[in-house]
Amino acid sequence: MPKIETALLAPDAAGIAEAERLLGAGGLVSFPTETVYGLGGDARNGTAVAHIFEAKGRPSFNPLIVHVPDFDAALRYADLSGPLETLAHRFWPGPLTLVAPLKQGHGLSPLVTAGLETLAIRVPSHPVAQDVLRAFGGPVAAPSANPSGRISPTTAAHVMAGLDGRVDAVLDAGACTVGLESTIVGSDPLALLRPGGLAREDIEAIAGPLADAGDSITAPGQMLSHYAPDAVVRLNANCANAGEVLLGFGPMQSDLNLSVAGDLVEAAANLFGHLHKLDAMGQPIAVAPIPNCGLGQAINDRLRRAAAPRG
Ligand code: TXA
Ligand code: MG
């Protein structure tokens, strides 16, 4: 694709207005959410959506999440009822994506859903994401703003490192607070399609037990080798072998530590940023064991993908 000039925008009134203008003109704008930075385009504009896939180098069968400012806006595009509606009222705005039947007359480009009859939709809580969505007034399709298969971005610098020259603008509002992509829940049966920034336990406390994504129910984007750094990644390491750098957790000697206090929320917020930094050191990465509860499930999911053999 031809290289374009990527503007770095401040998250003030002028920056939001420019983001609104660019989205309206079919452009691509990376914006912060509480989970990770998104790569946004008008979800009704097939050319804009095609440009998202092109900029990421993303296989087109992998559908995108549509972002809206509130529950009422979501109802224009998706049939949210029963337990999905309950979860929306409890956890939106926040790091939860719901997969629901597409609404008749939704007006979205079929590229967004990659031809599926269901739509992944979410209401982000980040104030700058809210400002962009309210100013634009339409549905914004946004995958994470990283080249396909690479580590997700939690700062504007990560976005620029992967997509400079491929997007029109990046709204820089500092580091994302959650640091992991949203949790994805689908219905019939109610199932956890992707562990993420909202812990499974919190969802189950409201909606009862969730089925697990399996062969028949899955988020199509959950390819095994994903979130991949350049370096080889070795999991459940208690110390670094010769030549390795160590990503620690809890009180221990390490090159970088996800959370010295052993706090899984802090670890989630640090995960992608630390992987970006260690990757830049150009050595294999050993990773300390992470408890598999709360946000630890999503952290371990991302780490398993980072460590998977590359295709
Ligand atoms: O936190 C997030 O969710 C971030 C921010 C930017 O909102 N977005 C994000 O998008 O992680 P992305 O494109 O990297 O991941 C979207 C996931 C993919 O695994 C995709 O397969 C799945 O959502 N997905 C999208 N539509 C779906 C559908 N109709 N049914 C099942 N899974 C779907
Ligand atoms: Mg992604």
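Residues 9 to 319 (this note's numbering) are what the sequence shown spells out, left to right. In this text, a Cβ means the ideal position worked out from N, Cα and C, and glycines have one as well.
Per DSSP, cross-strand counterpart(s) of residue i
i, result
"Ser152", "Gly46"
"Leu264", "Leu255"
Inter-residue Cα distance where the pair is residue i and residue j
i, j, result
"Thr191", "Leu206", "6 Å"
"Asp223", "Val37", "With a pLDDT of 48 at Asp223, under the threshold of 50, the modelled position of that residue is not reliable, and the figure given next carries that caveat. Approximately 34 Å, taken between the alpha carbons."
"Ile225", "Ala21", "Confidence at Ile225 is low in this model, with a pLDDT of 47, below 50, so the placement of that residue is unreliable and no value is reported for it."
"Pro101", "Leu30", "24 Å"
"Lys11", "Ala137", "26 Å"
"Phe257", "Gly204", "19 Å"
"Val76", "Ser133", "10 Å"
Nearest residue (CA-CA) to residue i, options the options
i, options, result
"Gly65", "Tyr85, Ser152 and Ala177", "Ser152"
"Glu252", "Gly258, Pro259 and Arg242", "Arg242"
"Leu303", "Pro10, Pro259, Leu286 and Arg208", "Arg208"
"Ala288", "Asn53, His114, His166 and Asp220", "His166"
"Asn278", "Ala269, Gly187 and Arg202", "Gly187"
"Phe99", "Val131, Ser89, Asp87 and Thr121", "Val131"
N- and C-terminal bounds of the beta strand (DSSP E) containing residue i
i, result
"Thr191", "Thr191 to Gly194"
"Ala143", "From DSSP, Ala143 is part of no beta strand (DSSP E) but of the alpha helix (DSSP H) over Pro135 to Phe144."
"Ile129", "Thr126 to Arg130"
"His75", "Ile73 to His75"
"Pro109", "Leu104 to Pro109"
Residue j beta carbon less than 8 Å from that of residue i
i, j, result
"Ala15", "Asp176", "yes"
"Thr185", "Glu42", "yes"
"Ala117", "Asn70", "Looking at the sequence itself, residue 117 is Ser, so the reference to Ala does not match. No, Cβ-Cβ distance for Ser117 and Asn70 is not below 8 Å."
"Glu125", "Pro109", "yes"
First and last residue of the uninterrupted alpha helix (DSSP H) at residue i
i, result
"Phe257", "Note, Phe257: premise wrong, no alpha helix (DSSP H); not H, not E."
"Val167", "Ala164 to Leu171"
"Leu188", "Here Leu188 belongs to no alpha helix (DSSP H), and DSSP marks it neither H nor E."
"Arg310", "Gly304 to Ala315"
Contact with chain C by residue i, beta-carbon distance below 8 Å
i, result
"Arg84", "Chain labels in this structure do not include chain C; a single protein chain is all it has."
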